[in-house]
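Some notes on the structure that comes next.
Chains as they are written, first to last, in the working numbering: chain A, 1 to 300; chain B, 1 to 263.
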């Protein structure tokens with residue numbers, strides 16, 4: 001297994017984006033997906049950083065792909081998607097409609113926001129040109145094993161969610177704007193105030209979710225720290241690490257050490273806990289439990 | 001017939017049998033969401049009319065045209081994240097029929113792309129065909145309140161004397177920083193009755209009324225009211241006063257994303 005870094009979900013200042021990808025060039029990860037996934041309104045503020053980041057990452061020997069938006073509705077967003085296909089990089093499709101802009105025969109990757117739940121769907125996407133597939137986070141280990149096996153037979157690596165707040169939902173409505181009593185069209189980019197999303201608790205103070213503009217995330221950071229052997233056994237080719245604002249280099253190193261057998265699951269857990277927002281971890285989805293469940297030490 | 005969950009890996013024959021049963025029972029159409037199942041239906045049941053479920057979240061003409069050309073889909077049920085203007089624009093760029101939700105639950109998230117329910121309960125619309133399932137709901141009287149919990153997470157707290165809405169996850173009352181409230185959506189239902197003329201003008205072919213997990217009496221009453229409204233619209237008469245309000249969740253209704261201010 002190797003490591004893939006997914007697109008950054010959050011709205012960071014251009015300088016922060018530049019520093020992030022410059023650091024990432026030295027990280028022990030095999031590939032990086034970048035680009036705007038969540039909100040097309042944010043893109044003009046940081047898209048100038050993309051060519052430099054791509055160049056730096058390619059020079060460091062990483063494979064690089066560019067993501068589509070998660071929800072494409074506006075004409076401007078469809079045009080943007082068409083432009084991605086001409087960048088000379090594989091597109092990671094995270095809204096199926098992006099496929100309309102990928103010519104037959106041109107390879108593409110499939111991201112975790114496309115519903116790949118079974119062999120029929122995986123086979124159709126491979127026939128259409130998919131060369132890598134990251135499965136949706138809510139799949140159980142049994143499903144992952146079936147799909148990873150088929151991927152191997154077809155020569156298409158199958159990846160799973162390895163680390164990061166879970167992308168649980170995407171909407172037409174902006175919850176950040178709503179929290180500030182604004183409409184989406186006059187949001188004033190308030191999502192930029194929360195570099196890892198804005199926490200949402202229940203009325204009893206239970207940590208629960210986080211909002212990131214039109215996206216809803218888990219408040220816990222999902223981590224496959226304790227499931228590496230099971231996922232390797234299932235034939236998974238790569239773990240996806242989703243960017244967070246603090247300590248991401250250490251996160252990458254921690255998983256690389258874990259995959260290489262240099263550290264145990266509890267050691268990785270101890271490393272990760274102080275690095276992730278709110279120090280909360282989860283890994284319930286692969287076991288078929290609630291997504292929020294945690295199989296490691298208590299205090300999940 | 002709706003067969004709009006996503007088949008479980010390793011268990012596809014169960015869903016394939018459901019398709020064969022639908023054809024044998026002479027269903028007029030099947031409503032599907034999964035690419036694999038659509039491909040199977042197009043290959044093995046070509047004469048069975050295929051509609052695209054809202055769970056496929058086809059929210060733009062590119063997506064709809066892709067499903068139409070790849071799988072011969074004839075009608076698409078649009079997600080509840082679009083405005084009426086966007087629906088009209090979509091209809092100008094596609095050949096297939098569109099159907100929109102006008103009454104019932106209001107999904108505020110792109111449908112078929114939401115794992116909130118499984119995060120809290122382990123059961124999701126995509127995998128199990130349920131959202132915020134009653135099997136995982138617990139009510140507790142605490143002080144003067146009735147707390148409603150889903151998978152252990154508190155979704156609502158209502159004074160004992162007040163009507164308590166069902167604890168649908170995205171309609172819950174939560175806290176974020178200094179604010180407490182319905183962060184995603186209020187406990188309201190969708191009622192687009194007054195939009196029928198505009199939806200008709202936007203080229204919408206069919207109106208969808210949510211009937212799943214509803215009583216026969218409810219469905220009969222809602223359908224009757226909408227039939228009257230549709231006939232009035234067709235005859236150029238003013239719409240009858242909506243008699244539906246008391247059937248809506250939390251006794252409150254919204255036109256949802258159909259009005260742009262919702263966002």
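Using N, Cα and C, we set each Cβ at its ideal position, and we do this for glycine too.
Helix, strand or coil at residue i according to DSSP, with G and I counted as helix
{"i": "residue 199(A)", "result": "strand"}
{"i": "residue 268(B)", "result": "Look at the range of chain B in this structure, 1 to 263, and you will see that residue 268(B) is not part of it."}
{"i": "residue 75(B)", "result": "strand"}
{"i": "residue 207(A)", "result": "strand"}
{"i": "residue 137(B)", "result": "strand"}
{"i": "residue 92(B)", "result": "helix"}
{"i": "residue 134(A)", "result": "strand"}
{"i": "residue 45(B)", "result": "coil"}
{"i": "residue 98(B)", "result": "strand"}
{"i": "residue 73(A)", "result": "coil"}
{"i": "residue 128(B)", "result": "helix"}
{"i": "residue 183(B)", "result": "coil"}
{"i": "residue 266(A)", "result": "helix"}
{"i": "residue 89(A)", "result": "coil"}
{"i": "residue 109(A)", "result": "strand"}
{"i": "residue 16(B)", "result": "helix"}
{"i": "residue 212(A)", "result": "strand"}
{"i": "residue 110(B)", "result": "coil"}
{"i": "residue 340(A)", "result": "Residue 340(A) lies beyond the residue range present for chain A, which begins at 1 and ends at 300; the question has no answer from this structure."}
{"i": "residue 167(A)", "result": "strand"}
{"i": "residue 142(B)", "result": "strand"}
{"i": "residue 118(B)", "result": "helix"}
{"i": "residue 191(B)", "result": "strand"}
{"i": "residue 120(A)", "result": "helix"}
{"i": "residue 69(B)", "result": "helix"}
Residue i classed as buried or exposed, judged by whether at least 16 other C-beta atoms fall within 10 angstroms
{"i": "residue 180(B)", "result": "exposed"}
{"i": "residue 196(A)", "result": "buried"}
{"i": "residue 119(B)", "result": "buried"}
{"i": "residue 95(B)", "result": "exposed"}
{"i": "residue 299(A)", "result": "Low local confidence applies: a pLDDT of 49 at residue 299(A) is under 50, so the model's placement there is unreliable, with the coordinate-based value given in what follows. Classification for residue 299(A): exposed."}
{"i": "residue 171(A)", "result": "buried"}
{"i": "residue 91(B)", "result": "buried"}
{"i": "residue 281(A)", "result": "buried"}
{"i": "residue 14(B)", "result": "exposed"}
{"i": "residue 115(B)", "result": "buried"}
{"i": "residue 94(A)", "result": "buried"}
{"i": "residue 75(A)", "result": "exposed"}
{"i": "residue 165(A)", "result": "buried"}
{"i": "residue 23(A)", "result": "exposed"}
{"i": "residue 14(A)", "result": "exposed"}
{"i": "residue 105(B)", "result": "buried"}
{"i": "residue 132(A)", "result": "buried"}
7 Å CB neighbourhood of residue i in its chain, flanking five on each side removed
{"i": "residue 200(B)", "result": "233"}
{"i": "residue 36(A)", "result": "42, 43, 69"}
{"i": "residue 65(B)", "result": "94"}
{"i": "residue 301(A)", "result": "Beyond the ends of chain A as shown, which are 1 and 300, falls residue 301(A); an answer cannot be given."}
{"i": "residue 126(A)", "result": "154, 156"}
{"i": "residue 164(B)", "result": "146, 148, 156, 158"}
Residue i Cβ short of 7 Å to the ligand MN heavy atom set
{"i": "residue 33(A)", "result": "In the structure shown, the ligand MN is absent, as is every other ligand, since no ligand is present at all."}
Neighbourhood of residue i by C-beta distance below 6 Å, restricted to the same chain and skipping five residues each side
{"i": "residue 33(B)", "result": "4, 53, 55, 56, 112"}
{"i": "residue 271(A)", "result": "254"}
{"i": "residue 27(B)", "result": "1"}
Contact check, residue i vs residue j, beta carbons under 8 Å
{"i": "residue 118(A)", "j": "residue 7(B)", "result": "yes"}
{"i": "residue 173(B)", "j": "residue 157(B)", "result": "yes"}
{"i": "residue 163(A)", "j": "residue 211(A)", "result": "no"}
{"i": "residue 201(A)", "j": "residue 175(B)", "result": "yes"}
{"i": "residue 140(B)", "j": "residue 134(B)", "result": "no"}
{"i": "residue 67(A)", "j": "residue 102(A)", "result": "no"}
{"i": "residue 31(A)", "j": "residue 54(A)", "result": "no"}
{"i": "residue 256(A)", "j": "residue 28(A)", "result": "yes"}
{"i": "residue 80(B)", "j": "residue 239(B)", "result": "no"}
{"i": "residue 139(A)", "j": "residue 285(A)", "result": "yes"}
{"i": "residue 85(A)", "j": "residue 109(A)", "result": "no"}
{"i": "residue 25(A)", "j": "residue 60(A)", "result": "yes"}
{"i": "residue 245(A)", "j": "residue 291(A)", "result": "no"}
{"i": "residue 107(A)", "j": "residue 136(A)", "result": "no"}
Close-in-space but distant-in-sequence residues of the same chain around residue i (CB under 8 Å, 5 per side omitted)
{"i": "residue 97(B)", "result": "74, 75, 76, 205, 206"}
{"i": "residue 250(A)", "result": "271, 275"}
{"i": "residue 231(A)", "result": "1, 141, 144, 160, 224, 239, 286"}
{"i": "residue 99(B)", "result": "51, 75, 76, 77, 78, 204, 205, 206, 207, 208"}
{"i": "residue 12(A)", "result": "20, 46, 192, 195, 245"}
- Message: Below 8 Å, how does it come out for the segment 74 to 92 of chain B and the segment 195 to 212 of chain B: are there three or more Cβ pairs, yes or no?
- Response: Between the segment 74 to 92 of chain B and the segment 195 to 212 of chain B, the count of C-beta pairs closer than 8 Å reaches three or more; the two stretches touch.
- Query: When the Cβ atoms of the segment 132 to 150 of chain A are set against those of the segment 175 to 192 of chain A, are three or more pairs found closer than 8 Å?
  - Reply: With a cut-off of 8 Å, the segment 175 to 192 of chain A and the segment 132 to 150 of chain A do not count as touching, because too few Cβ pairs lie within range.
- Could you say if the segment 134 to 144 of chain A and the segment 141 to 152 of chain B meet the contact criterion of at least three C-beta pairs nearer than 8 Å? Inter-segment contact for the segment 134 to 144 of chain A and the segment 141 to 152 of chain B is absent: fewer than three beta-carbon pairs are separated by less than 8 Å.
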